[in-house]
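In our numbering, the protein residues as written are 4 to 444. For every residue, glycine included, the Cβ atom is placed at its ideal position computed from N, Cα and C. A quick note: this is a predicted structure, and the numbers were derived from the prediction, not measured. So the structure is just underneath, and the comments pick up after that.
Right, here's the structure in full:
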């Protein structure tokens, strides 16, 4: 099968060494009336109050979004949220428990389902999420769509056959059940289960300890990973073009950083000159509990697109009471760092989901700089900026046990747990603001 024009273009931007590795109906969710709360026990009362707080998106007509081939008519949905609060305020934590996930899934059965191209906006007009129906195939002929889709599916199958998907950590709170248990259930069906991370990042919990690097999943089976990255690069090209058409300023920021990293840093994860995301996750039949990707840049766009014949796996946005039904070729662009989101169970078939993202410590930290330079949020503090979040937390909280009695107040603020958490949230909110990040000397 001869390569399509999209594949030819994308491949032309790849390094030689890389190429050689041969309208949905809206119904308001049903919630318990406030007058019935007195009749409920405490647990049920709490659930009813939480449900009543969910805002159903309002229909706002239609709007043309994008440019050229990367343009479509979107239904406009508005949620009762203010962009300043979302993007500039602290990120609220999410309950990451099996019970919380089950409760969200139960409520989601009554949420409106988005099935056609839609833009979800805040009440002051800032887009929070785009659903682009068949967006991955923008500008392509029917033959090219079939060819490119088959190319990605072949790449995924080949990768899985040669490199078994790593299971999620058994205690990963974003996964509904224990990872190993779910993997066995899927194995009984003769199907794979797990997730790969092919990303350039600072490993979680190691901020400031080491410079950014490619993820561990990228360092094994290098030939298979390289071929997979090459054959799915056309998706990244299409998604980058959509982001450029919808939010050119944000695309320029992401693309500039990606270009700075280049082949030298990204190595075999590099996906061409048009690309803009330094991270790619492949979720294989994975249902994911409620969470926010709080380590991603707040104003960045995270993309998801899925392959396979499947039923279920809807993207659920519980805070604003709607769900998105994705099929092959659909794209979702969202601000995943500030939107609580989850993925429903796969009811039938198999689902392979690509998630592309950029971590904030990569976007705003020079490639080889391990010192994050985080200012202390305590007024009047003269301590030099901290090199990592762990160091800042220790600086605010201080040592534990007997050492706490002798701790130097010039080094530690000795806050209690609640105060420490509050100040950490303040620091993280400031760190998300580029103007608050100290410039390199």
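* **Contact between the region 317-327 and the region 394-402 (3+ Cβ pairs under 8 Å)** => no
* If you compare alpha carbons, which of 62, 79, 165, 391 is closest to residue 214? -> 391
* **N-terminal and C-terminal residue of the beta strand (DSSP E) that residue 284 is part of** => 282-287
* Asked: If you check the beta carbons only, do residue 239 and residue 359 fall under 8 Å apart?
  -> yes
* Got a sec? Which residues, its chain only, sit under 6 Å from residue 269 by beta carbon, not counting five neighbours each side? -> 203
* Coarse secondary structure for residue 308, derived from DSSP in three states -> strand
* Asked: residue 267: buried (16+ other C-beta within 10 angstroms of its C-beta) or exposed?
  -> exposed
* **Option nearest residue 303 by Cα separation, candidates 292, 342, 110** => 342
* Three-state secondary structure (DSSP) at residue 1? -> Because the chain spans 4 through 444 in this model, residue 1 falls outside it and cannot be assessed.
* **Alpha carbon of residue 281 to alpha carbon of residue 362, nearest angstrom** => 8 Å
* Give the secondary structure of residue 223 by DSSP, where H, G and I count as helix, E and B as strand, and everything else as coil. => coil
* To do: Using only the heavy atoms of the ligand FMN, determine whether one of them is closer than 7 Å to the beta carbon of residue 149.
  => Inclusion of the ligand FMN in the displayed structure is not the case, the ligand content being empty and no account of it being possible.
* Could you tell me which residues DSSP pairs with residue 299 in its beta bridges? => 362
* Are the Cβ atoms of residue 196 and residue 288 separated by less than 8 Å? -> yes
* To do: May I have the straight-line CA-CA distance separating residue 157 from residue 241, to the nearest angstrom?
  => 18 Å
* **Sequence-distant residues of the same chain with beta carbon closer than 8 Å to residue 278, five excluded per side** => 236, 239, 240, 243, 258, 261
* Alpha carbon to alpha carbon, how far is residue 161 from residue 224? -> 12 Å
* Where residue 338 sits in the DSSP three-state scheme -> coil
* **Residues near residue 76 in its chain [Cβ-Cβ closer than 7 Å; skip 5 each side]** => 65, 67, 120
* To do: May I have the straight-line CA-CA distance separating residue 117 from residue 110, to the nearest angstrom?
  => 16 Å
* Helix, strand or coil at residue 357 [DSSP, three-state] -> strand
* **Within the region 70-141, ranges of the alpha helix (DSSP H) (whole runs, at least 4 residues)** => 86-91, 101-111
* Assigned exposure category for residue 384 - 16 Cβ within 10 Å defines buried -> exposed
* Would you call the CB atoms of residue 318 and residue 338 closer than 8 Å? -> no
* To do: Compute the Euclidean distance between the alpha carbons of residue 228 and residue 216, then round it to the nearest angstrom.
  => 16 Å
* Asked: If we call anything under 8 Å between Cβ atoms a contact, is residue 407 one with residue 418?
  -> no
* Asked: Expressed to the nearest angstrom, what Euclidean distance is found between the alpha-carbon atoms of residue 48 and residue 295?
  -> Per-residue confidence for residue 48 stands at a pLDDT of 42, beneath the threshold of 50, marking its modelled position as unreliable; the derived number appears in the next sentence. So the alpha carbons of these two residues sit roughly 26 Å apart.
* To do: Please say whether residue 73 and residue 190 have beta carbons closer to each other than 8 Å?
  => no
* Asked: Measuring CA to CA, which of 219, 316, 220, 123 is closest to residue 78?
  -> 123
* **Spatial neighbours of residue 253 in its chain, beta-carbon cut-off 8 Å, leaving aside the 5 residues before and after** => 246, 302, 303, 304
* To do: Determine the closest residue to residue 167 out of 329, 199, 143, with distance taken between C-alpha atoms.
  => 199
* Along the chain, where does the alpha helix (DSSP H) that runs through residue 434 open and close? -> 420-434
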